[in-house]
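A quick write-up on the structure given underneath.
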Amino acid sequence: MAIPVIYNLRSVRARWVSSIVAVLGIAGTVGVFVAMLSLANGFRATLVASGSNDNAILMRAGATAEMMSGITLESIKIVQDDPAVARDSSGPLITSEVVVVAPFPLRATGTNANVQVRGVSANVLTIRRNVRIVQGRMFQPGLSELVVGTNANKTYSGLTLGNTVDFGGGHWRVVGIFDAGGSAFDSEVWADARVLDDVYKRPTNIYQSATVHLTSPAALQQLKDSVSADPRLNLDVFREVDYYAKQSTAMTRLITVLGGLVAFVMAIGAVFGALNTMYSAVSERGREIATMRALGFGGPAVVFSFLIEALLIAFIGGVLGCLAVLRLNGHTTSTINWQTFSNLAFAFRITPGLLLSGMFFALVMGLIGGLLPAISAARRPIAVALREL
Amino acid sequence: MKFLHLILANLSRKKLRTILTVGSFAVALFLFAFLAVVKGAFGRGADIAGADRLVIINRISIIQPLPLSYRDQILRIPGVKSITHNNWFGGVYQDEKNFFPQFVIDPENQRQVMSELIVPDDQWQKFVADRQGAIVGARTAQRFGWKIGDRIPIKNVSYGTSGTWEFNLDGIYHSEHTGGDETQFWFQWDYFEERVPERFKGNTGWYVLRLNNPDDAPRVAKAIDDTFTNSSYETKTETESAFAAGWVKQFGNIELLILTIGSVVFFTLLLITGNTMAIAVRERVGELAVLKAIGFSDFSILVLVLAEALLIALVGGILGLGVAMLAVPVLGNALNGLLPELVLSPAILSLGLATALLIGAAGGILPGVGAMRMRVVNALRRV
Chain A
1 MAIPVIYNLR SVRARWVSSI VAVLGIAGTV GVFVAMLSLA NGFRATLVAS
51 GSNDNAILMR AGATAEMMSG ITLESIKIVQ DDPAVARDSS GPLITSEVVV
101 VAPFPLRATG TNANVQVRGV SANVLTIRRN VRIVQGRMFQ PGLSELVVGT
151 NANKTYSGLT LGNTVDFGGG HWRVVGIFDA GGSAFDSEVW ADARVLDDVY
201 KRPTNIYQSA TVHLTSPAAL QQLKDSVSAD PRLNLDVFRE VDYYAKQSTA
251 MTRLITVLGG LVAFVMAIGA VFGALNTMYS AVSERGREIA TMRALGFGGP
301 AVVFSFLIEA LLIAFIGGVL GCLAVLRLNG HTTSTINWQT FSNLAFAFRI
351 TPGLLLSGMF FALVMGLIGG LLPAISAARR PIAVALREL
Chain B
390 MKFLHLILAN LSRKKLRTIL TVGSFAVALF LFAFLAVVKG AFGRGADIAG
440 ADRLVIINRI SIIQPLPLSY RDQILRIPGV KSITHNNWFG GVYQDEKNFF
490 PQFVIDPENQ RQVMSELIVP DDQWQKFVAD RQGAIVGART AQRFGWKIGD
540 RIPIKNVSYG TSGTWEFNLD GIYHSEHTGG DETQFWFQWD YFEERVPERF
590 KGNTGWYVLR LNNPDDAPRV AKAIDDTFTN SSYETKTETE SAFAAGWVKQ
640 FGNIELLILT IGSVVFFTLL LITGNTMAIA VRERVGELAV LKAIGFSDFS
690 ILVLVLAEAL LIALVGGILG LGVAMLAVPV LGNALNGLLP ELVLSPAILS
740 LGLATALLIG AAGGILPGVG AMRMRVVNAL RRV
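Quick mapping for you: the protein sequence lines, in order, are chains A and B.
Straight run, no breaks: the first sequence in this note's numbering ends on number 389.
Straight run, no breaks: the second sequence in this note's numbering ends on number 772.
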């Protein structure tokens, strides 16, 4: 026969101070755990969202980031005629790009941070279809005009519509603001690749990467094959989404390792707290337990009842912890992306899956914290416990 | 001290609880030390940067080059003692995961300017004479198990041609400062210029210069930047610590994040201890009343309860910090390449112990005062 759950509810309430301590210990741990994972998740999601499944990025063979790549105009001309590359009325859907960084003052601190400035072809919006202009207009080819991502617009002073900014030795007018759906492009500033090349005194007709829109996601293999078969080309072809996913691994790993370690150590502390609470619950209620057993509740029922109590505390703690960090969801922060030497804004991203693993973590802590005290409660000899004062 | 026995007896009456509370303390102090160490690792570059050094980069951005011809012009500015130039190489050893910074250096002047990075003289002579020679920081050497004499292939595609560059490891440098950057890989300017295409020659990534007098920094920095205004390569000169702090800031609010976690941990810990102490006192109301009845003063009861809390805090604190001392080097190796070296300084240890004692005192004071104030008659009547 099982002991009614209402008994546990009342007992949690009767020792509310210890219960609250245990609940807060677990809530804090779950909070840190979920917050760290959501940070890593957000970072990865931001970069992954930058890539599209039916785009391919081409860089010099062996280059792992655009910064270290170089690709000539001749190569681009060969690639753009490949049947795997989609076309529209204006020609092949390919954007040849250069990336540089330029320092802009952060609104928050006033200190400079590097912004990635990307020179693109004028038809870039037909290739990166997740990007659209939300204010103003696209830049005019050949003019020193900029369109800025929404995060760059919010994070740095000066990058506002209609403003003129100086960098790289040129004067640039901000003519538009684009929204890239929370991807890494949102932290970037875009300009005409040729103009940017010119202003930065880069060698002409050498780009750093080219991104093409494929006729279909499956056409990637076809493009890879023809690029590697052509002796004039020395290029690597990546699916855009894979390229960006790979860029996120180092930072994601750092956050996960650090966060995981902190959460693990905190979990030990929280289990200690839960153990303490449950043991004092057991020792304070020695007579109660003995009475129940004398009434005919079996050992397993007592163990079960105490476990329920511990799990209840853990459950409340888990829910509180999750609720507390839920406020962080969508909160934007930024860090340096070492692949590009530039600042990248990203948001805490809390998914239902993360919340579930947070709850699971809480219940595991409750289980560990409750099991030993529950067993010791059930093992006490009835007669001795009843005689105790 | 004569009550030590009594305190110990009290602590061992519920051994399990004492162990768990000590454990909570140990866990919290371990976390404290770990977070402090990580925070230190992020910010250290700025802390130990030479006060008498300036870094000169292209005003446009760090990735734009500066002409090598600036060197002589800069040296003519009064107050400049010595100058060296470095270039970012950005190669890959075996796999991208194995990131470490590679600099092309100016062997003639590197040691005068970077005097805290110490290379034994014989190794340095060998390096200077060897066109494909390389010097590496101790931490990177340890990470990949490199020994002097090893041949190290590094793939690089940044400079025009794809290809593997071969280096002979001629020396290993150590930093004079604890936790200084021992991850860099240096190689010869001549070898670099010999292999890169024409358009990269005659340029450098940045200059580092040493001043005669650190107080001169603002004047010299301004003089340098003024010299090159309106040239096609304008400069931006700042002190090495400002330069390093700029990178740290770009990491985002790591500091805030760490402080937040730290406060969550401590708040929780305070609750746990306070609660345990309260339970312990509550259970012993009768005993404490007896002590009072046989002549213990109110004050000595307070001291007794407080001493118990402080003892728990002390033991827990020492335990936690001790584990941290053992674990930090292990963690540092596990995170090699992801984070700068982790250093557990005596300052962190003493701050940790002081915090532990403070929390112990705060946790013990309420129940202690309660015990001090209780009236003997009431306490003895309550069973």
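For each residue, glycine too, the CB sits at the ideal point set by N, CA and C.
Within chain B, the residues that residue i reaches when beta carbons sit closer than 8 Å
i	result
residue 112 of chain A	635
residue 200 of chain A	449 and 453
residue 365 of chain A	None at all; the shortest Cβ gap to chain B is about 13 Å.
residue 203 of chain A	588
residue 28 of chain A	653, 654, 656 and 657
Interface partners of residue i on chain A, CB under 8 Å
i	result
residue 668 of chain B	18 and 280
residue 420 of chain B	262, 265, 266 and 269
residue 413 of chain B	269, 272, 273 and 276
residue 417 of chain B	269
residue 406 of chain B	276, 279 and 280
residue 427 of chain B	258
Proximity of residue i and residue j at Cβ, strictly below 8 Å
i	j	result
residue 705 of chain B	residue 414 of chain B	yes
residue 30 of chain A	residue 358 of chain A	yes
residue 32 of chain A	residue 266 of chain A	yes
residue 52 of chain A	residue 132 of chain A	no
residue 69 of chain A	residue 185 of chain A	no
residue 661 of chain B	residue 21 of chain A	yes
residue 274 of chain A	residue 26 of chain A	yes
residue 430 of chain B	residue 633 of chain B	no
residue 399 of chain B	residue 697 of chain B	yes
residue 426 of chain B	residue 717 of chain B	yes
residue 95 of chain A	residue 124 of chain A	yes
residue 148 of chain A	residue 177 of chain A	yes
residue 546 of chain B	residue 63 of chain A	yes
residue 192 of chain A	residue 139 of chain A	yes
residue 190 of chain A	residue 118 of chain A	yes
residue 469 of chain B	residue 595 of chain B	no
residue 506 of chain B	residue 564 of chain B	yes
Closer than 7 Å at the beta carbon, the chain A residues around residue i
i	result
residue 485 of chain B	64
residue 479 of chain B	68
residue 650 of chain B	32 and 262
Chain B contact residues for residue i, given Cβ-Cβ distances below 9 Å
i	result
residue 21 of chain A	657, 660, 661, 663, 664 and 665
residue 330 of chain A	None at all; the shortest Cβ gap to chain B is about 16 Å.
Cross-chain neighbours of residue i in chain B, by beta carbon under 7 Å
i	result
residue 100 of chain A	450 and 452
residue 24 of chain A	657 and 660
Neighbouring residues, chain A, relative to residue i (Cβ below 9 Å)
i	result
residue 410 of chain B	272 and 276
Residue i beta carbon near the ligand GTP (any heavy atom closer than 7 Å)
i	result
residue 460 of chain B	By its list of ligands, the structure shown contains no ligand whatsoever, and the ligand GTP lies outside what it can speak to.
The region 735-743 of chain B touching the region 687-698 of chain B, judged by at least three CB pairs closer than 8 Å
No: fewer than three Cβ pairs fall under 8 Å.
Below 8 Å, how does it come out for the region 284-293 of chain A and the region 373-384 of chain A: are there three or more Cβ pairs, yes or no?
Touching, yes.
Mind pulling the beta strand (DSSP E) runs of 3 or more residues that sit fully within the region 470-500 of chain B?
Here the runs fully enclosed are 491-494.
Determine which residues of the region 150-181 of chain A have a Cβ less than 9 Å from any Cβ of chain B, and write them out in chain order.
Those would be 167, 168 and 169, in chain order.
Near-chain B residues of the region 258-271 of chain A - C-beta to any C-beta below 8 Å:
Of all residues in the region 258-271 of chain A, 258, 261, 262, 265, 266, 268, 269 and 270 have a Cβ within less than 8 Å of some Cβ in chain B.
Say whether the region 55-73 of chain A touches the region 207-215 of chain A, bearing in mind that this needs 3 or more beta-carbon pairs closer than 8 Å, one atom from each stretch.
Touching, yes.
Three Cβ pairs or more, each shorter than 8 Å: is that satisfied between the region 321-334 of chain A and the region 344-356 of chain A?
Touching, per the Cβ criterion.
Check whether the region 253-260 of chain A and the region 390-409 of chain B touch, using three or more Cβ-Cβ pairs below 8 Å as the test.
The answer is no - the region 390-409 of chain B does not touch the region 253-260 of chain A, with fewer than three Cβ pairs under 8 Å.
Does the count of Cβ pairs from the region 624-637 of chain B and the region 474-489 of chain B closer than 8 Å reach three?
With a cut-off of 8 Å, the region 474-489 of chain B and the region 624-637 of chain B do not count as touching, because too few Cβ pairs lie within range.
Select from the region 80-108 of chain A all residues with a C-beta closer than 7 Å to any C-beta belonging to chain B, and list them in chain order.
Here the close residues are 100, 101, 102 and 103.
Pairing CB atoms from the region 665-680 of chain B with CB atoms from the region 24-44 of chain A, are three or more of them under 8 Å?
By the Cβ criterion, the region 665-680 of chain B is not in contact with the region 24-44 of chain A, since fewer than three pairs of Cβ atoms, one from each stretch, lie closer than 8 Å.
Within the region 250-289 of chain A, ranges of the beta strand (DSSP E) (whole runs, at least 3 residues)
Those beta strand (DSSP E) runs which fall completely within the region 250-289 of chain A and span 3+ residues do not exist here.
The region 458-467 of chain B in contact with the region 654-663 of chain B per 3-pair CB rule at 8 Å:
With fewer than three CB-CB distances shorter than 8 Å, the region 458-467 of chain B does not count as touching the region 654-663 of chain B.
Would you check if there are 3 or more beta carbon pairs closer than 8 Å linking the region 566-574 of chain B to the region 601-612 of chain B?
Judged by Cβ distances under 8 Å, the region 566-574 of chain B makes no contact with the region 601-612 of chain B, as fewer than three pairs qualify.
Decide yes or no for the touch test of the region 105-114 of chain A against the region 147-163 of chain A: beta carbon pairs closer than 8 Å, at least 3 of them.
The answer is yes - the region 147-163 of chain A touches the region 105-114 of chain A, with three or more Cβ pairs under 8 Å.
Taking one C-beta from the region 367-376 of chain A and one from the region 132-142 of chain A each time, how about it: are there three or more such pairs within less than 8 Å?
With a cut-off of 8 Å, the region 132-142 of chain A and the region 367-376 of chain A do not count as touching, because too few Cβ pairs lie within range.
Would you check if there are 3 or more beta carbon pairs closer than 8 Å linking the region 605-622 of chain B to the region 495-504 of chain B?
Taking 8 Å as the limit for Cβ pairs, the verdict is that the region 495-504 of chain B does not touch the region 605-622 of chain B.
Answer yes if the region 514-534 of chain B comes into contact with the region 572-585 of chain B, meaning at least three C-beta pairs across the two stretches below 8 Å, and no otherwise.
A contact exists between the region 572-585 of chain B and the region 514-534 of chain B.
Considering only residues of the region 2-82 of chain A, which uninterrupted alpha helix (DSSP H) runs meet the minimum length of 4 residues and lie entirely inside it, listed in chain order?
Counting whole runs of 4 or more residues, the region 2-82 of chain A contains the alpha helix (DSSP H) stretches 5-14, 16-50 and 73-80.
Is there contact here, the region 232-244 of chain A with the region 69-86 of chain A, by at least three beta-carbon pairs under 8 Å?
Contact between the region 232-244 of chain A and the region 69-86 of chain A is present, because at least three Cβ pairs lie under 8 Å.
Please give me, in chain order, every unbroken run of the beta strand (DSSP E) with length at least 3 that falls completely inside the region 175-234 of chain A.
Listed in chain order, they are 189-192 and 209-213.
Start-end ranges of the alpha helix (DSSP H) lying completely within the region 555-638 of chain B, minimum 4 residues:
For the region 555-638 of chain B, whole alpha helix (DSSP H) runs of length 4 or above, ordered along the chain, are 578-584 and 606-616.
Ignoring anything shorter than 3 residues, give me the beta strand (DSSP E) runs that lie fully in the region 318-361 of chain A, in order along the chain.
332-337 and 342-347, all fully within the region 318-361 of chain A.
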